[in-house]
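Undergrad: Submitted below is the structure of interest, expressed as structure tokens.
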Amino acid sequence: MILSELLCAENYKVIQGRLDIEISDVIYDSRKATEGCAFVCLKGYNTDGHTYVESAIKMGAVAIIACDTVEVPENVTLIMVKDTRKTLALMSREYFGHPDEELKTVAVTGTKGKTTTAAMIRSILECGGIKTGTIGTLGIIIGDKIYKTNNTTPESYEVYQAMRKMVEAGCGALVIEASSLGLKWHRVDGILFDIGVFTNFSHDHIGASEHKDLEEYFSCKALLFRQCKHGIFNMDDPMWKKMTEHCTCTVETFGFDKDADFVASDESLIARPGYIGVHFEASGKKNLSLDVAIPGKFSVYNAISAIAVCSHFDIDDKAIIDGLNSVKVKGRVEAVPVPGDYTLLIDYAHNAVSMENVLETLREYKPNRIVTMFGAGGNRPKVRRYEMGEVSGRLSDLSVITEDNSRFENVMDIIEDIKVGIDKTDGKYVVIPNRVDAIRYCMENALPGDIIVLAGKGHEDYQEIKGVKYHMDEREIVAEISESMKNYQHDGKCEYCKDDEAEEE
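In terms of my numbering, the sequence shown opens at residue -5 and continues consecutively.
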């Protein structure tokens, strides 16, 4: 493709060189530069692409797109732009031939619920015969293929590349999780989404490498509703009105509020060993009686928002009912088969807010006990550890403290921080640093009617220790332990909790 064609949607200044040169690819990682490519210099928190210009040229780059002064050989074209991240998005859109125009596009933003909502929408649409690709925390999913990504919303090149693959695979729709950072860093620029969804808003993602304050965090999420045709908002969230203040889209609402366009009501619990879910009634613009295979009121919010989205597609009510009844979301209150009369769930809850939501929801099911196994990430704010410890101590009958991506910290130091939080409560706990051993402990000591929550990993399939990511998929571990327990006889007591006393370690 000719360089001038790639830049047709952007304002730029030619510092040197020609615009009529053939470009083989658009690259933003100098290590992936190839002969004849254009290299776009991105600025990040830790690295600056401008420092890798020489390396990219040695690898074959014939054009450099920059926003800071750089020196390049005379035979290399140098283009100056205001924001290289925005330019990367627009160039990628041209390079992949506007794939967004060949799909019906849905973007979901919010502090919580993006992944589950996206999965519900996909499940419903596919039950309705519309092949749907998704981009988000679980990776890029096209049919039965899953491509891992580094961020919830990948860099714009990967977004457009994925959309082109979806079109080629016969997809009719895309659902993408539009994170606040993805919106801030222009990763979905160039797309006019058919539908945008606002799930909820709460305090999160504030820090040196994320957002400077809550106001910036909110304003970045609000950007979505200036690049979509139609917006669907959670009317029960206190911030929904403010989210619409500067939107340029038409507006619909969902929630338990009777004034919403799509109303949820009469939720009730569904529980049996190995399965927990929720039933609710939908009314307003869509009248349905539904079962969702994911527990809790937050699942009802996700489901009613998915119904609102899918009402804009040509599908029947049966697709909605079947899609929600069969939906499974990897690592989101995910029930895993176990050899016993108890329920084991894998969940991504890795901060106090998420953990509290999950555990409070599970308490409503009145289990025999809630046993929560969790750790906390290394090289992350210590306050998160204290808070998680306090939440688990307050809401769990037993906490099993273990490792979770200790990174470059000593796992026992992290565990000691977690104990500070638990010690503020009357909660019982046991310390088992090795995560596999901790899972085995939970399973071997499970009692009938228990709910065991393996918190923190969710969809992740690795354990990060001292810069190395070791393979660890909790589904595989549970399956292996289950196999080894086929002849295991439990005496009906928890060895740790017998006599209702807990020995703190």
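Backbone N, C-alpha and C define an ideal beta-carbon position, used for all residues, glycine too.
Pick out whichever of L97, A300, V365 and Y269 has its Cα sitting closest to the Cα of N439.
TA: Within the sequence shown, residue 439 is the residue found at index 445, counting from 1. When L97, A300, V365 and Y269 are compared, the shortest CA-CA separation from N439 is found for V365.
Undergrad: Label G278 either buried or exposed according to how many other C-beta atoms from any shown protein chain fall within 10 Å of its C-beta, with 16 as the threshold for buried.
TA: Translated into the one-based positions of the sequence shown, residue 278 becomes position 284. Burial state of G278 is buried, judged by a 10 Å Cβ sphere holding 16 or more other Cβ atoms.
Undergrad: Could you name the residues of the same chain whose beta carbon sits closer than 6 Å to that of L353, not counting the 5 residues immediately before and after it, in chain order?
TA: Here residue 353 corresponds to residue number 359 of the sequence shown, with the count starting at 1. Counting only Cβ-Cβ distances below 6 Å, and skipping sequence neighbours, we find L389.
Undergrad: Taking the alpha-carbon positions, what's the A156 to I288 distance?
TA: By 1-based counting over the sequence shown, the position of residue 156 is 162. By 1-based counting over the sequence shown, the position of residue 288 is 294. The straight-line gap from Cα to Cα measures roughly 28 Å.
Undergrad: If you pair each beta-carbon of the region 333 to 351 with each one of the region 242 to 258, do three or more pairs fall below 8 Å?
TA: Segments in contact, no.
Undergrad: Helix, strand or coil: which one does DSSP assign to C342?
TA: Counted from its first residue, the sequence shown places residue 342 at position 348. Just to set this straight, residue 342 is Tyr in the shown sequence, not Cys. In the structure shown, Y342 sits in coil (DSSP, three-state: anything other than H, G, I, E or B).
Undergrad: Please state the DSSP three-state secondary structure of A258.
TA: If you number the sequence shown from 1, residue 258 lands on position 264. Correct three-state label for A258: strand.
Undergrad: So, are the CB atoms of C214 and L177 less than 8 Å apart?
TA: One-based indexing of the sequence shown puts residue 214 at position 220. One-based indexing of the sequence shown puts residue 177 at position 183. Yes, the pair counts as a contact, with Cβ atoms nearer than the cut-off.
Undergrad: Measure the beta-carbon distance from L193 to T78 and round it to whole angstroms, keeping in mind my assumption that it falls under 8 Å.
TA: As a first step, residue 193 is located in the sequence shown; it is residue number 199 there, counting from the start. As a first step, residue 78 is located in the sequence shown; it is residue number 84 there, counting from the start. Position check: residue 193 holds Thr in this sequence, whereas Leu was assumed. Actually they do not touch by this definition, with Cβ atoms about 30 Å apart.
Undergrad: So E162 and T147 are supposed to be a Cβ contact under 8 Å. How far apart are they, rounded?
TA: Your numbering for residue 162 matches position 168 in the sequence shown. Your numbering for residue 147 matches position 153 in the sequence shown. Rounded, the Cβ-Cβ distance is 21 Å, inconsistent with contact.
Undergrad: Would you say M367 and L448 are within 8 Å of each other, going by their C-beta atoms?
TA: Within the sequence shown, the letter at position 373 stands for residue 367. Within the sequence shown, the letter at position 454 stands for residue 448. Taking 8 Å as the Cβ cut-off, M367 and L448 qualify as a contacting pair.
Undergrad: Unbroken beta strand (DSSP E) runs of length 3 or more, entirely within the region 19 to 73: which are they?
TA: 32 to 34 and 57 to 60
Undergrad: Between D23, N40 and Y39, which lies nearest to A32 when the distance is taken from Cα to Cα?
TA: In the sequence shown, counting from the first residue as 1, residue 32 sits at position 38. Of the listed residues, the one whose Cα sits closest to A32 is D23.
Undergrad: Quick one: what's Q10 bridged to in DSSP?
TA: What you label residue 10 is simply residue 16 of the sequence shown in a count that begins at 1. Residue pairing from DSSP places Q10 in a beta bridge opposite L72.
Undergrad: Run the CB neighbour count on L186, radius 10 Å, all protein chains shown included, and call it buried at 16 or more, exposed below.
TA: To locate residue 186, count along the sequence shown from 1; it is residue 192. By the neighbour-count definition (other C-beta atoms within 10 Å, threshold 16), L186 is an exposed residue.
Undergrad: Look up E458 in the DSSP assignment and give the residues it is bridged to.
TA: Counting from one through the sequence shown, the residue named residue 458 turns up at place 464. The partner list for E458 (beta bridge, DSSP) reads K463.
Undergrad: Are the CB atoms of L84 and E(-1) within a distance shorter than 8 Å?
TA: Along the sequence shown, one-based indexing puts residue -1 at 5. Along the sequence shown, one-based indexing puts residue 84 at 90. No, the Cβ-Cβ distance between E(-1) and L84 is not below 8 Å.
Undergrad: Which value, in whole angstroms, describes the spacing of the CA atoms of A265 and M466?
TA: For the purposes of this step, residue 265 is taken as the residue at position 271 of the sequence shown. For the purposes of this step, residue 466 is taken as the residue at position 472 of the sequence shown. Whole-angstrom Cα-Cα distance: 29 Å.
Undergrad: Determine, using beta carbons only, whether D316 comes closer than 8 Å to chain D.
TA: The displayed structure is made up of one protein chain only, and chain D is not part of it.
Undergrad: Which first and last residues belong to the beta strand (DSSP E) in which I129 is found?
TA: For the purposes of this step, residue 129 is identified with residue 135 of the sequence shown, where counting begins at 1. Residues T126 to G130.
Undergrad: Which residues does DSSP pair with Y423 in a beta bridge?
TA: Stepping through the sequence shown from its first residue, residue 423 is reached at position 429. DSSP output for Y423 lists S393 as bridge partner(s).
Undergrad: Report the CB separation of K52 from G43 in whole angstroms; it is logged as a contact under 8 Å.
TA: Counting from one through the sequence shown, the residue named residue 52 turns up at place 58. Counting from one through the sequence shown, the residue named residue 43 turns up at place 49. Not a contact, Cβ separation roughly 15 Å.
Undergrad: From D444 to P361, what does the alpha carbon distance come to, in whole angstroms?
TA: What you label residue 444 is simply residue 450 of the sequence shown in a count that begins at 1. What you label residue 361 is simply residue 367 of the sequence shown in a count that begins at 1. If I take the Cα positions, the gap works out to 6 Å.
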